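Take a look at the structure below.
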Amino acid sequence: MFKQLIKNKSALTSLIILAVLYLLVIFAPFFAPYSYDEDDVLYANAPPAKIRIFSLKNKQFTPFVYAQKFTINNYYQRVYYEDTSQIFPIRFFHKGSRYKFLFIASDRHFFGVRNGKIFIFGADYRGRDLFSRILYGGRISLSVGIIASLISLSFGLLIGGIAGYFGGKIDNLLMRFCEIMMITPAFYLMLALRASFPPSIDSTQAYFLIVVILSFIGWASIARIIRGMSLSLRENEFVYAAKACGLNHFQIIMRHILPFTFSYALVAFVLSIPAYIGGEAALSLLGLGIQEPQASWGNLLSGAMGIVNIRLFPWILIPGVFILVAVACFYILGDVLRDALDPKRKIL
Amino acid sequence: MHHFILKRLLYSIPLLLGITFLTFLFIQIAPGDFLDNLRLNPQVSKETISLYEQKFHLDKPFLIQYATWIKNLVRGELGYSFSYKAPVARVISSRALNTLILSISSLIFTWIFVIPLGVTAALKRNKFTDKLLSFLSYIGMSTPAFFLTFLLLYGATFTRLLPLSGMHSVHFEEFTFLGKIFDLIRHLIIPTLVLSLGSICVLQRIMRANLLEALGSQYILGAKARGLSNARILYVHALKNAINPIITIFGYQFSELLSGAALVEIIIGWPGLGQVTLEAVRSQDLYLVMGSVLMGSILLIMGNLLSDCLLAAVDPRIRYEK
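Order-wise, the sequence lines are chains D and A. Just so you know, the first sequence maps onto residues 1 to 348 in this note's numbering. Just so you know, the second sequence maps onto residues 1 to 322 in this note's numbering.
See the structure below:
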């Protein structure tokens, strides 16, 4: 299965992209030149810095950026310009602000500039580096997807397994409950669930809340399919054999029924991550999820809710590109996995 | 058929009861309620608050409150919105209509594109056109609705052709009837595009797969052997069978459409159900949340029912009678 993934060009590309994204995000303190809440009012809404390769005038032959200065125009808006008299060479393994990562305290950053600032994706309204915030925010956005997907999958497997295995009244009850979950439009359910907690909570609580909400919404559709599989699996002779050997119901479900749903579960796991990444982004975008100053890809986009901001500072849309790329990679990976595990459905 | 529809409608009653009970539970778990805001307001007297409490049984235990709500619902009363200071039914009915307009226009737009694109992709299987469509559909599927809205709005700021927010222009009331419709269509373009793109991408792939499966089956070979023209085989024999599974998916798609519509409504300022639900959740306006969740679920159930009926109408093999 893994070999087939590697052989497929698009799957390999998405695997590599995802690996790079996760590495960047996990080692965010190192790769980001600044911390997520380091602000500088002199750079509020500064546009992305143009990285130059060399300059003959200044006898500078390694990559560098010019200093960003601003003037105030007639509308009292800042207009940023490049001050070509002042150049900041980009220094790799630069000594910057101190950070702690997994018990290691360090002040080395992957890149940075001395005596100035470098904003490769621009800055937000408080002059915080968007690139750094995207990396820190990715820690939340990319992990929420996986954790919520794992939780909803486990619930779906367990409940679907139980419903199919026992059948009868238990099956009926559980499936009616599933139907209720499935018939409610997901967004409204999400809002209703969110309503059962106080509107303003800190980011750690918000993180867990998002995970709980997303997995609560997602398990039902998985449970329904697993139930169908379990319903036919329980008629197998090895299940009767297991019963005859004196295994209890729980052991039979866990050891003899659920393992057969593995390939479906794996595909469902990968293919449901995108929905959860989107769900987190939507909640945070509306201000119901991760709160400032913490960053997530969703709440970074909340600045774009005002049309004026999009027009004047289009670089605040960059986090959306990250969501798009991550989601696309998971979709491609899931599709290739499904084809690899189920050769009958090759055409899709 | 009537029998089937009736059965389905009866069956949806316990579902709706379940949904509303869960929603009621979730909102009541939350610390505080809307009256807390009123209590903090020095202009509101204690008598008013206790009047509210008695009128809506807010001082009674949870189950009694829910039972009261259901009792009122049966009488056709959805309760009172504290923040709008109006009956919920009045707040919601116009909103639900707006959401429906948006959903239906995106449905139409989606279906105009799905079938031709799916057929093209299937006929050019593994050629450049197919690969391009497949690539584009991955991108379309992966673009979150809100991000696409931002992108389109950004583009629209340059052209100045399309309105950037809301559902009507400021001078809407002064327009003639045709002018009103034209104005509405102009406002519909961006949200419709956003909502349709995702489903076009997904359904187009499914349409392609279905058509390929149909084209590979025995009866197509038979038709070829009888000397039917390629066009006739494709449009009369294969296409008919390929469309059926998509109609089933249409029901599920409706659910995603409603959820997607809610987010786009909020961003674009479309006065629909999603927007009002968000406001209601933020201000803990209990009955308004209940009303809009109920309304959303009813729309969804109707969508599913419609897709089942449509399927029966299109596919003669499906008969719901025993």
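Cβ atoms here follow ideal geometry from the backbone N, Cα and C, with glycine treated the same way. Quantities reported herein were computed from a predicted structural model and do not represent experimental measurements.
- Of the candidates A:Ile246, A:Pro163, A:Leu188, A:Ile246 places its Cα closest to the Cα of serine 199 (chain A).
- About 5 Å separates the beta carbon of glycine 118 (chain A) from that of glutamine 204 (chain A), a gap short enough to meet the 8 Å contact definition.
- Residues of the stretch 27 to 59 of chain A that bring their beta carbon within less than 7 Å of a beta carbon in chain D comprise Ile27, Ile29, Ala30, Pro31, in sequence order.
- Residues are counted here when their Cβ sits less than 7 Å from a Cβ of chain D; for the stretch 98 to 112 of chain A the count is zero.
- Nearest Cα to glutamine 60 (chain D) within the set D:Thr84, D:Leu42, D:Gln68, D:Phe70: D:Thr84.
- Within the stretch 221 to 240 of chain A, no residue has its Cβ closer than 8 Å to any Cβ of chain D.
- Using a Cβ-Cβ cut-off of 8 Å, isoleucine 180 (chain D) is close to Leu15, Gly18, Ile19, Leu22 of chain A, given in chain order.
- By the CB criterion at 7 Å, phenylalanine 146 (chain A) and leucine 317 (chain D) fall outside the cutoff.
- The beta carbon of phenylalanine 250 (chain A) sits closer than 6 Å to the beta carbons of Ser307 from its chain, once the five residues preceding and following it are set aside; these are given in chain order.
- Your pair leucine 21 (chain D) and alanine 340 (chain D) does not check out as a contact, with CB atoms roughly 22 Å apart and the cut at 8 Å.
- Look at glycine 320 (chain D): its C-beta is under 7 Å from a C-beta on chain A.
- The Cβ atoms of leucine 333 (chain D) and valine 270 (chain D) sit closer than 7 Å to each other.
- Going by DSSP, valine 79 (chain D) is part of the beta strand (DSSP E) stretching over 78 to 89.
- About 7 Å separates the beta carbon of tyrosine 43 (chain D) from that of phenylalanine 119 (chain D), a gap short enough to meet the 8 Å contact definition.
- When only Cα atoms are considered, threonine 68 (chain A) and threonine 23 (chain A) end up about 15 Å apart.
- Under DSSP, isoleucine 104 (chain D) takes part in a beta bridge, and its partners are D:Phe101.
- In this structure, tyrosine 165 (chain D) lies away from serine 221 (chain D), with their beta-carbon atoms at least 7 Å apart.
- Look at phenylalanine 113 (chain A) here: in three-state DSSP terms it is helix.
- Between the alpha carbons of glutamine 54 (chain A) and serine 81 (chain A) lies a distance of about 15 Å.
- Residues of chain D whose Cβ lies closer than 7 Å to the Cβ of isoleucine 266 (chain A) are, in chain order, Leu286.
- Only buried fits proline 29 (chain D), as 16 or more other CB atoms lie within 10 angstroms of its CB.
- The way I'd put it, the stretch 184 to 191 of chain A doesn't touch the stretch 200 to 220 of chain A; fewer than three beta-carbon pairs between them come closer than 8 Å.
- In this structure the stretch 37 to 54 of chain D touches the stretch 121 to 132 of chain D; the number of beta carbon pairs closer than 8 Å is three or more.
- Glutamine 60 (chain D) carries a strand assignment under DSSP once its states are collapsed to helix, strand and coil.
- Close partners of glutamine 284 (chain A) in chain D (Cβ separation under 9 Å): Ala195, Pro199.
- Contact of threonine 261 (chain D) with chain A is not assigned, every C-beta pair being separated by 7 Å or more.
- For the C-beta of methionine 229 (chain D), not a single chain A residue is nearer than 9 Å; the gap to the nearest is close to 20 Å.
- Between the stretch 86 to 95 of chain A and the stretch 271 to 283 of chain A there are three or more inter-stretch CB-CB distances shorter than 8 Å, so the stretches are counted as touching.
- Listed along the chain, the chain D residues whose CB falls inside 9 Å of the CB of tyrosine 154 (chain A) are Ala304, Ile307, Ile310, Arg311, Pro314, Leu317.
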